[in-house]
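Below is one structure, written out as structure tokens, with a few remarks after it.
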Amino acid sequence: MIDQLWIQPPLAFARLGPSPKPCDNYRWGRSDLTPRGTGKTTVEPQPTLDLAADGTLSERMPQKVRFKDEAGWRPVCPYFEVHGSWTVNGERHTGPLTEEVLARFGLGLGDVRWQVSVANLKAHHLTENDDDRIEATVRVRGDDHQKHRLAGASPQGGTRPLVPAGRNLPLGAVQVPVPNAALPELRLRFTPGTGAVYGPTTLTDASRYRIPAERRILNPDTEWVGFRLPSDDVRTAPRGLFAGAEGQRAVGLVDDVCDGLVTVGLPGGLTASARVVACPPVFSPDRRPFVSVADGLTDRVRRGDVRTPAYLADKQQTTQEIRDLFERILETVGNINLDVQNGAFGALPPVETLTGVLLGLTEQARRRHRRFVALEMLEDLFRERPGLIREIVREPVADPQGAGGYNGRMPPDMRGADGNALHLTRRQYDLLVRWAAALRENTEAGT
Numbered sequence: 185m186i187d188q189l190w191i192q193p194p195l196a197f198a199r200l201g202p203s204p205k206p207c208d209n210y211r212w213g214r215s216d217l218t219p220r221g222t223g224k225t226t227v228e229p230q231p232t233l234d235l236a237a238d239g240t241l242s243e244r245m246p247q248k249v250r251f252k253d254e255a256g257w258r259p260v261c262p263y264f265e266v267h268g269s270w271t272v273n274g275e276r277h278t279g280p281l282t283e284e285v286l287a288r289f290g291l292g293l294g295d296v297r298w299q300v301s302v303a304n305l306k307a308h309h310l311t312e313n314d315d316d317r318i319e320a321t322v323r324v325r326g327d328d329h330q331k332h333r334l335a336g337a338s339p340q341g342g343t344r345p346l347v348p349a350g351r352n353l354p355l356g357a358v359q360v361p362v363p364n365a366a367l368p369e370l371r372l373r374f375t376p377g378t379g380a381v382y383g384p385t386t387l388t389d390a391s392r393y394r395i396p397a398e399r400r401i402l403n404p405d406t407e408w409v410g411f412r413l414p415s416d417d418v419r420t421a422p423r424g425l426f427a428g429a430e431g432q433r434a435v436g437l438v439d440d441v442c443d444g445l446v447t448v449g450l451p452g453g454l455t456a457s458a459r460v461v462a463c464p465p466v467f468s469p470d471r472r473p474f475v476s477v478a479d480g481l482t483d484r485v486r487r488g489d490v491r492t493p494a495y496l497a498d499k500q501q502t503t504q505e506i507r508d509l510f511e512r513i514l515e516t517v518g519n520i521n522l523d524v525q526n527g528a529f530g531a532l533p534p535v536e537t538l539t540g541v542l543l544g545l546t547e548q549a550r551r552r553h554r555r556f557v558a559l560e561m562l563e564d565l566f567r568e569r570p571g572l573i574r575e576i577v578r579e580p581v582a583d584p585q586g587a588g589g590y591n592g593r594m595p596p597d598m599r600g601a602d603g604n605a606l607h608l609t610r611r612q613y614d615l616l617v618r619w620a621a622a623l624r625e626n627t628e629a630g631t
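Written out as structure tokens, the structure reads:
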């Protein structure tokens, strides 16, 4: 019997885009960090699954990766694959579920049940009014291979639903591929929205926010349209993250981002779920943030592992983590106009512009961080100056303002989601401090 199900990946990010062609699959390659190299991240094409309108699935290897075409950004459309465990003749098996596995237990594709439920709750988060919820749910059998739209709607039992009856706000679509001999696994593909913005029917062409007439569908008689955020309200940090915030009054716009659950089930009540998040495109696809989603999750569940002697004893692993961190820091620096940022925050002293260099502070930062991805140089720096990390790297603390906030420590002039100065995760910081300390273990005293 099949006794357990799970979905791979358990969390996936879909990225908005108006192009009808999804973005090809790719991965980050090795950065060219040689002395005369570019120092830039490279991306490499990977095998990509194409899904036809009738559910036919095929695989190809792209020659190059294209993030945009004539229609605009290509959306990132993740696949969710069903895995499980089952027992046959007393022997336990695990792996992807296929038609063959289902048949062993008298099941077919029609017995597989998918459900995708997503929501855009930004307006509801601010107004706390259920009428401002926008949600969509589709249920699909495993033998239904047509594309199904996620039509976002507001609860119609209220008095002033944001999305009125008879209208819907598109939040994407889902489709179940037809398994075949080459690709027999049970999958579902999620396609996000196009990146469109919708407004109330009373919005005019003269508005500062230019919304096409066909997307002015929202009910103007709702709490979200004209919503005022109290001055002491901390629900948006940093403040001003909605159209009209500059005038302290929401215009009533809503975009087609969303997040939710992908659930698969079999007869008997066996189910598994994964989370999907639809978000904007990566406008700099060759630049990674120095704190990734993986870093944030690992910091929550395995923060203490970097404090154990056994973890630090694996020098190959810890050194690779440090190198990866500084590569991503270099990419972040390469994506910032530090001179402009410093003008807003003023955390760093001005830099005298070099001849022929317009952005002196930006150029200086990029040159220095370009050196830090050379591990030998980085190791020598920390051996020579053992207290450097605590001196120049901002430590994660419970009270960022009490610690000085924007005080010139790294990373400078960058703001976190809470409105305070951005910092590494606690796990990253502790690993960096302990890795640097370990470099001096065999160093002669006084040198």
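Our numbering numbers the first residue of the sequence shown as 185 and each following residue consecutively. C-beta: ideal position from N, C-alpha, C; glycine also.
Take residue i as the anchor and find which of the options has the nearest alpha-carbon.
i: residue 191; options: 287, 298, 515, 290; result: 298
i: residue 413; options: 551, 310, 230; result: 310
i: residue 195; options: 207, 262, 216; result: 262
i: residue 381; options: 364, 352, 357, 360; result: 352
i: residue 632; options: 314, 358, 511; result: Since the first residue shown for the chain is 185 and the last is 631, residue 632 is missing from the structure and cannot be characterised.
i: residue 265; options: 189, 287, 582; result: 189
i: residue 525; options: 227, 507, 549; result: 549
i: residue 358; options: 235, 612, 579; result: 235
i: residue 349; options: 552, 337, 453, 356; result: 337
i: residue 459; options: 444, 204, 448, 466; result: 444
i: residue 453; options: 295, 204, 612; result: 295
i: residue 145; options: 567, 271, 605; result: The structure shown does not extend to residue 145, since the chain is modelled only from 185 to 631, so the question has no answer here.
i: residue 376; options: 201, 558, 591; result: 201
i: residue 466; options: 481, 519, 440; result: 519
i: residue 241; options: 228, 371, 247; result: 371
i: residue 608; options: 482, 623, 523; result: 482
Specify, as a first and last residue, the run of the beta strand (DSSP E) that residue i falls within.
i: residue 318; result: 318-325
i: residue 227; result: 227-229
i: residue 276; result: 275-280
Got a sec, what are the start and stop residues for the alpha helix (DSSP H) residue i sits in?
i: residue 190; result: Segment 186-192 is the beta strand (DSSP E) holding residue 190; no alpha helix (DSSP H) there.
i: residue 553; result: 544-556
i: residue 619; result: 610-622
i: residue 567; result: 559-568
i: residue 574; result: 572-576
i: residue 286; result: 283-288
What are the partner residues of residue i, as DSSP defines its beta bridges?
i: residue 632; result: The first residue shown for the chain is 185 and the last is 631, placing residue 632 beyond what the model contains.
i: residue 240; result: 362
i: residue 252; result: 257
i: residue 463; result: 199
i: residue 298; result: 324, 448
i: residue 265; result: 192, 371
i: residue 235; result: 241
i: residue 442; result: 462
i: residue 210; result: 229
i: residue 599; result: 605
i: residue 272; result: 275
i: residue 310; result: Residue 310 pairs with nothing; no bridge assigned.
i: residue 402; result: 384
Which word fits residue i, buried or exposed, when buried means at least 16 other C-beta atoms lie within 10 angstroms of its C-beta?
i: residue 304; result: buried
i: residue 451; result: exposed
i: residue 315; result: buried
i: residue 505; result: buried
i: residue 306; result: buried
i: residue 187; result: exposed
i: residue 356; result: buried
i: residue 484; result: exposed
i: residue 620; result: buried
i: residue 703; result: What is shown of the chain runs 185 to 631, which leaves residue 703 out entirely.
i: residue 590; result: buried
i: residue 403; result: buried
i: residue 289; result: exposed
i: residue 277; result: exposed
Sequence ranges, beta strand (DSSP E) only - wholly within the segment 318-400, length at least 3:
318-325, 332-336, 353-359, 371-375, 381-384
Go through the segment 452-514 residue by residue and report every complete run of the beta strand (DSSP E) that reaches 3 residues or more, in order.
454-463
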